[in-house]
Amino acid sequence: MSYHYQFTTKFDWHLQTQWQTPDTPFMHFDFWQALIDAKLIGERSDWWVQYVQIVDDSAQLIAVMPVFIKKHHQGEYVFDFSWAEAFERYGRNYYPRLVTSVPFIPVTGERIWVAQGKSLTAPLYQTLLQAIDDLASRYQASTWHGLFFSPKNVQALHNVPNLCERLSCQFLWQNRNLQDKKFVNFDEFLATLTAKKRKSIKVERQKVLKQNLSCQVKIGDDITEADWTVFYQCYAMTYLVRGRQPYLNLAFFKQLGQTMADKLMLAQAHNAHGDIVACSLFFFDDDAAISTLYGRYWGCLEEYDCLHFELCYYQGIEFAIKQGLRYFDPGTQGEHKLIRGFYPVLTHSLHRVYDKVFAPAIAQFCQDEQHAILAYQADAMTALPFNDTYKSQFFGDVAAQGTIPDNEFLKK
792 MSYHYQFTTK FDWHLQTQWQ TPDTPFMHFD FWQALIDAKL IGERSDWWVQ
842 YVQIVDDSAQ LIAVMPVFIK KHHQGEYVFD FSWAEAFERY GRNYYPRLVT
892 SVPFIPVTGE RIWVAQGKSL TAPLYQTLLQ AIDDLASRYQ ASTWHGLFFS
942 PKNVQALHNV PNLCERLSCQ FLWQNRNLQD KKFVNFDEFL ATLTAKKRKS
992 IKVERQKVLK QNLSCQVKIG DDITEADWTV FYQCYAMTYL VRGRQPYLNL
1042 AFFKQLGQTM ADKLMLAQAH NAHGDIVACS LFFFDDDAAI STLYGRYWGC
1092 LEEYDCLHFE LCYYQGIEFA IKQGLRYFDP GTQGEHKLIR GFYPVLTHSL
1142 HRVYDKVFAP AIAQFCQDEQ HAILAYQADA MTALPFNDTY KSQFFGDVAA
1192 QGTIPDNEFL KK
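Everything in the sequence shown is counted per the numbering used here, starting at 792 for the first residue and increasing by one.
1) Between Phe-1110 and Trp-935, what straight-line distance do the alpha-carbon atoms span, to the nearest angstrom?
2) Let me confirm a value: Gln-1106 is counted as buried when at least 16 other C-beta atoms fall within 10 Å, else exposed. Which label applies?
3) Drop a sphere of 10 angstroms on the beta-carbon of His-1139, count the other beta-carbons inside from all chains shown, and report buried for 16 or more, exposed for fewer.
4) Count the other CB atoms within 10 Å of the CB of Tyr-881; is the residue buried (16 or more) or exposed (fewer)?
5) Distance check for Val-858 and Ala-1152, CA to CA, integer angstroms please.
6) Rounded to whole angstroms, what's the CA-CA distance from Ile-853 to His-795? Just pull it up for me.
7) Return the CA-CA distance between Leu-1102 and Ala-1060, expressed in angstroms with no decimal places.
8) Can you have a look at Thr-1194 and say buried or exposed, based on whether 16 or more other CB atoms are within 10 angstroms of its CB?
9) With respect to the beta strand (DSSP E) encompassing Met-856, which residues constitute its N-terminal and C-terminal limits?
10) Could one say the Cβ of Phe-1156 lies closer than 9 Å to chain C's Cβ atoms, at least one of them?
11) For Asp-1076, which residues does DSSP report across the bridge?
12) Which residue spans inside the segment 795–857 form an unbroken beta strand (DSSP E) run of at least 3?
13) Contact check, Arg-1117 vs Gln-965 under 8 Å by CB: the rounded distance?
14) For Phe-977 versus Ile-1130, is the C-beta distance shorter than 9 Å?
15) In chain order, what residues of the same chain have a beta carbon less than 7 Å from the beta carbon of Ala-1190, not counting five sequence neighbours either side?
16) Straight-line CA distance for Glu-1094 to Trp-839?
17) Quick one: Cα of Thr-812 to Cα of Met-1051, how far?
18) Measure the C-alpha to C-alpha separation of Tyr-916 and Ser-941 and round it to an integer number of angstroms.
19) So, is Phe-798 buried or exposed, given that buried needs 16 or more other C-beta atoms within 10 angstroms?
20) Among Ala-1042, Glu-1016, Asp-828 and Pro-1037, whose alpha-carbon lies nearest the alpha-carbon of Leu-1057?
21) By Cβ distance below 6 Å, which residues in the same chain neighbour Gln-921 in space, the five residues on each side in sequence not counted?
22) Consult DSSP for Arg-902 and reduce its assignment to one of helix, strand or coil.
23) Do you know how far the Cα of Gln-907 is from the Cα of Phe-980?
24) Does the Cβ-Cβ distance between Tyr-1134 and Ala-932 come in under 9 Å?
25) Tell me whether His-1099 is buried or exposed, calling it buried when 16 or more other Cβ atoms sit within 10 Å of its Cβ.
26) In the DSSP assignment, find the beta strand (DSSP E) that holds Leu-1004 and state where it starts and stops.
27) Who are the Cβ neighbours of Ala-1154 in its own chain at under 7 Å, not counting the five residues just before and after it?
28) Please classify Arg-957 as buried or exposed, where buried requires at least 16 other C-beta atoms within 10 Å of its C-beta.
29) Whose CA, out of Phe-822, Phe-802 and Tyr-885, lies closest to the CA of Val-1148?
30) Taking three-plus beta-carbon pairs below 8 Å as touching, is the segment 814–821 in contact with the segment 855–873?
31) Is it buried or exposed, His-949, if we count other Cβ atoms within 10 angstroms and call 16 or more buried?
32) Please name the residue in Tyr-1104, Gln-1184, Phe-802 and Trp-804 whose C-alpha comes closest to that of Leu-963.
33) What's the gap between the Cα of Asn-968 and the Cα of Glu-834?
34) Looking at the structure shown, is Tyr-1181 part of a helix, part of a strand, or coil, going by DSSP?
35) Tell me the rounded alpha-carbon separation between Gln-961 and Ser-849.
36) Who are the Cβ neighbours of Gln-1184 in its own chain at under 7 Å, not counting the five residues just before and after it?
This is the structure we're talking about:
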């Protein structure tokens, strides 16, 4: 079986009615359609996209991968500013560059839609790389960046020449009690922590209550039009106070509320008068193979002590426990997550450099960075707040030894 590629700027989701179920909510077609309809990607945006379509000898559509042609780094969360600066210093053009990612979403997952009953074989991967190289030639792109690729994709491309892997570290909460089952409630989770950390979290939650704040969780269709309006005011404020414009618009969120309601959770904080003063938006997928809560967008109209921790982390943990979800991904960055029970886990990105002068230097940079990230992850493990009983039960001396090959220890 041989494969061929073709490009299109408008991918008709209905060309192939049977697609494999995406491994995150962010590769669902409804999510991408909301991005398109809100003019956040595609024509008239600075996320201009070419969809790489892979077809077989009978012209049957097998797989599709988005490739963005970009002249900036915004909304990516894998930073290559130093590469751009180096290119500029030596009089080389770093832009445009090619990017395969879910725009504005730093979540690990598949980046390729695959038809039902088909699989990503080595020849298919090779055809995808040929298509990327072709696009790079057409647009004179300096690089291609595949961001937050799934471990399966990374492993399949591990030994491809001129393809560098970058690691980064995020934080992930796991719903797992001492009996190797899911927690019954938040107190059972607290019981796995040291006395000092347990007390600290209780104090933070009490501070929120003492400020006459109450939290409410809404799911799906319970989120009203008025809720979306207030949420967006909170979300936008996070950017406006820093003199920046928000990446996303209200139309995008409202459309998600209509088309992906079953995957949305909104946590709200109300003051003593009943007014909403802060919001945090989550996505979740309770499919047994995924079973994950994703914390994505937060904002507040008024500042309150410890409210961010309550609305973004503790409400999320309580929701994950109540829904029986296995994991909670609270979003990128933030070491403060570590001391609240979120494990340091690795993320993977792939990079292809077309400048023959810079390619070896960037490859060495990626290799050196990997060692630094692995060392950081091992060091971060020692700061986890779990008590000795919980640590010895599930990962023994991993924290002390610093021998963490990847994230697999979470799934044992």
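Heads up, the beta-carbon is just placed ideally off N, CA and C, and yes, glycines get one too.
So, from the data block:
1) Straight-line Cα distance between these residues: approximately 38 Å.
2) Burial call: buried.
3) Classification for His-1139: buried.
4) Classification for Tyr-881: exposed.
5) Using only the alpha carbons, I get a separation of about 25 Å.
6) Roughly 10 Å separates the two Cα atoms.
7) Rounded to whole angstroms, Leu-1102 to Ala-1060 spans 7 Å at the Cα level.
8) Bear in mind that the predicted position of Thr-1194 carries a pLDDT of just 38, short of 50, making it too unreliable to give a figure here.
9) For Met-856, the enclosing beta strand (DSSP E) stretches over residues 852–861.
10) This model lacks chain C altogether; it includes just one protein chain.
11) Asp-1076 is bridged by DSSP to Thr-1083.
12) Runs of the beta strand (DSSP E) inside the segment 795–857: 839–847.
13) With 8 Å as the limit, Arg-1117 and Gln-965 qualify as a contact, their Cβ atoms being about 7 Å apart.
14) The beta carbons of Phe-977 and Ile-1130 sit no closer together than 9 Å.
15) Here the model assigns Ala-1190 a pLDDT of 41, short of 50, so the residue's position is not dependable and the matter cannot be decided.
16) Cα to Cα, the separation comes out at about 37 Å.
17) For Thr-812 and Met-1051, the gap between their C-alpha atoms comes out near 14 Å.
18) Here the alpha carbon of Tyr-916 sits roughly 14 Å from the alpha carbon of Ser-941.
19) Per the 10 Å Cβ criterion, exposed.
20) Of all alpha-carbon atoms in Ala-1042, Glu-1016, Asp-828 and Pro-1037, the one lying nearest the alpha-carbon of Leu-1057 is that of Glu-1016.
21) No residues qualify anywhere along the chain.
22) When DSSP states are grouped into helix, strand and coil, Arg-902 belongs to the coil group.
23) In this structure, the CA atom of Phe-980 is about 39 Å from the CA atom of Gln-907.
24) No. Outside cutoff.
25) His-1099 should be labelled buried.
26) First-last for Leu-1004: undefined, no H or E at that position.
27) Here the set comprises Cys-955.
28) Under this definition Arg-957 is a buried residue.
29) Considering only alpha carbons, the answer is Tyr-885.
30) Pairwise C-beta distances place the segment 814–821 out of contact with the segment 855–873, as fewer than three of them are shorter than 8 Å.
31) Here His-949 is exposed. Its C-beta has fewer than 16 other C-beta atoms within 10 Å.
32) Of the candidates Tyr-1104, Gln-1184, Phe-802 and Trp-804, the residue whose Cα lies closest to the Cα of Leu-963 is Tyr-1104.
33) C-alpha of Asn-968 to C-alpha of Glu-834: approximately 48 Å in a straight line.
34) If DSSP states are grouped into helix, strand and coil, Tyr-1181 belongs with the helices.
35) Each residue's Cα considered, the two are about 42 Å apart.
36) So the qualifying residues of the chain are Leu-969.
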